[in-house]
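*Asks:*
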Amino acid sequence: MSSAKPGLLIATLLALAVPSVSVVALAQTAKDGNSGKAATVNGVAIPKARVDMILKAQEAQGQPSSPELRTAVTRELIMREIIEQEAKKRGLTKNPEVQAQIDFARQNVLFNAYREDFQRRNPITEAQLKAEYERIKKQMGDTEYKARHILVGSEAEAREIIAQLDKGAKFEELASKSKDPGSSARGGDLDWNSASAYVEPFGQALAKLNKGEYTKDPVQTQFGWHVIKLEDTRPAKFPSLEEVKPGLTQRLQNQALEQHLRDLWAKAKIE
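FYI, the numbering for the sequence shown is 2 to 272, going by my numbering.
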């Protein structure tokens, strides 16, 4: 176990741990409304704060609050309480599989709370945002390419296509043979993209072409063998920092958290 890599585990945690509303916000809702109860089931109180907490989560997902929704949520919680009581009577909470699921749910809640606490203690600065923005701009380059390609399974097939192009065959017609289902029906059209949007060496080969040219040698990637044609170029259109700030902030937050989790993993005694 000690030789296991944390990367996949961390990625999975980050994918799972995206609550519909902040754990801290839910906790604040519970704190603000901790007086009173919504209902009592066989002597067990259902706190009004629990109803408020769920309504808060629904609002975060775009569901407007209403008396009808509050009633529906309350009825749902009553039904859940009834089922929980019956499950306990039948000893289901002692079932190892059930307990494992309860433990996992508890850990997920704690992870969400820890993630939010980490992000609050380690806010992303404007300097970090600007630096990442400029890095991505540089990586994307200042040119966009309108390309077509034909994807085949072997080098021999690709060379045969190039030979047909050399004899005057139309690229768009030959693209019907492409193994790329997304572009074959469009004559191999890949629309506008930066060279960095493609896997290497596809992007490198594309950037070396002049308008109207196609690759004279097949280009191999993990997907197969490509014949690439450059249709046109234009200056890249890059959104402003303000436009991408929310997504960029989340990206940097996830990167910081991932590194923090790797550090925790490295310090832990794992046997």
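Built from N, CA and C at the ideal position, the CB exists for glycine as well. As the structure is a prediction and not an experimental result, all values here were calculated from the model.
What residues in its chain sit with their C-beta under 7 Å from that of Lys38, if we drop five residues either side in the sequence?
*Replies:* Counted from its first residue, the sequence shown places residue 38 at position 37. Only Ala46, Ile47, Pro48 and Lys49 meet the Cβ criterion.
*Asks:* What are the partner residues of Lys168, as DSSP defines its beta bridges?
*Replies:* Position 167 of the sequence shown, counting from 1, holds the residue named residue 168. Beta-bridge pairing links Lys168 to no other residue.
*Asks:* Looking at the structure shown, is Asn211 part of a helix, part of a strand, or coil, going by DSSP?
*Replies:* Looking up residue 211 in the sequence shown gives position 210. It is coil, neither helix nor strand.
*Asks:* DSSP state of Asp181, grouped into three classes?
*Replies:* Reading the sequence shown from its first residue, position 180 is the one you call residue 181. Here Asp181 sits in coil by DSSP.
*Asks:* Any idea if Asp53 is buried or exposed, counting beta-carbon neighbours within 10 angstroms, 16 or more meaning buried?
*Replies:* In the sequence shown, counting from the first residue as 1, residue 53 sits at position 52. By the neighbour-count rule (16 or more Cβ atoms within 10 Å), Asp53 is buried.
*Asks:* Spatial neighbours of Asn194 within its chain, please: CB distance less than 7 Å, with the 5 preceding and 5 following residues excluded, ordered by chain position.
*Replies:* If you number the sequence shown from 1, residue 194 lands on position 193. Cβ within range, chain order: Glu145 and Tyr146.
*Asks:* Count the other CB atoms, across all protein chains shown, that sit within 10 Å of the CB of Pro202; report buried if there are 16 or more and exposed otherwise.
*Replies:* For this step, residue 202 is matched to residue 201 along the sequence shown. Exposed.
*Asks:* Report the three-state DSSP secondary structure of Ile125 (helix, strand or coil).
*Replies:* Position 124 of the sequence shown holds residue 125. Coil at Ile125, not helix or strand.
*Asks:* Assuming Thr250 is part of the alpha helix (DSSP H), what are its boundary residues?
*Replies:* To locate residue 250, count along the sequence shown from 1; it is residue 249. Segment Leu242 to Lys268, the alpha helix (DSSP H) holding Thr250.
*Asks:* Using a Cβ distance threshold of 8 Å, determine whether the region 147 to 164 contacts the region 179 to 191, with at least three qualifying pairs required.
*Replies:* Flag = yes, the region 147 to 164 and the region 179 to 191 touch.
*Asks:* Looking at the secondary structure, which residues open and close the alpha helix (DSSP H) in which Thr234 lies?
*Replies:* Within the sequence shown, the letter at position 233 stands for residue 234. Premise fails: Thr234 lies in the beta strand (DSSP E), Gly225 to Pro236, not in any alpha helix (DSSP H).
*Asks:* Report yes or no: do the region 241 to 260 and the region 126 to 138 share at least 3 C-beta pairs separated by less than 8 Å?
*Replies:* Yes: at least three Cβ pairs fall under 8 Å.
*Asks:* Taking all protein chains shown into account, decide if Val220 is buried (16 or more other Cβ within 10 angstroms of its Cβ) or exposed.
*Replies:* Here residue 220 corresponds to residue number 219 of the sequence shown, with the count starting at 1. Looking at its Cβ environment, which holds 16 or more other Cβ atoms inside 10 Å, Val220 is buried.
*Asks:* Assuming the contact rule is C-beta atoms closer than 8 Å, Val200 and Gln165 should be a hit. Round their C-beta distance to whole Å, please.
*Replies:* Stepping through the sequence shown from its first residue, residue 200 is reached at position 199. Stepping through the sequence shown from its first residue, residue 165 is reached at position 164. Wrong, their Cβ atoms sit about 25 Å apart, outside the cutoff.
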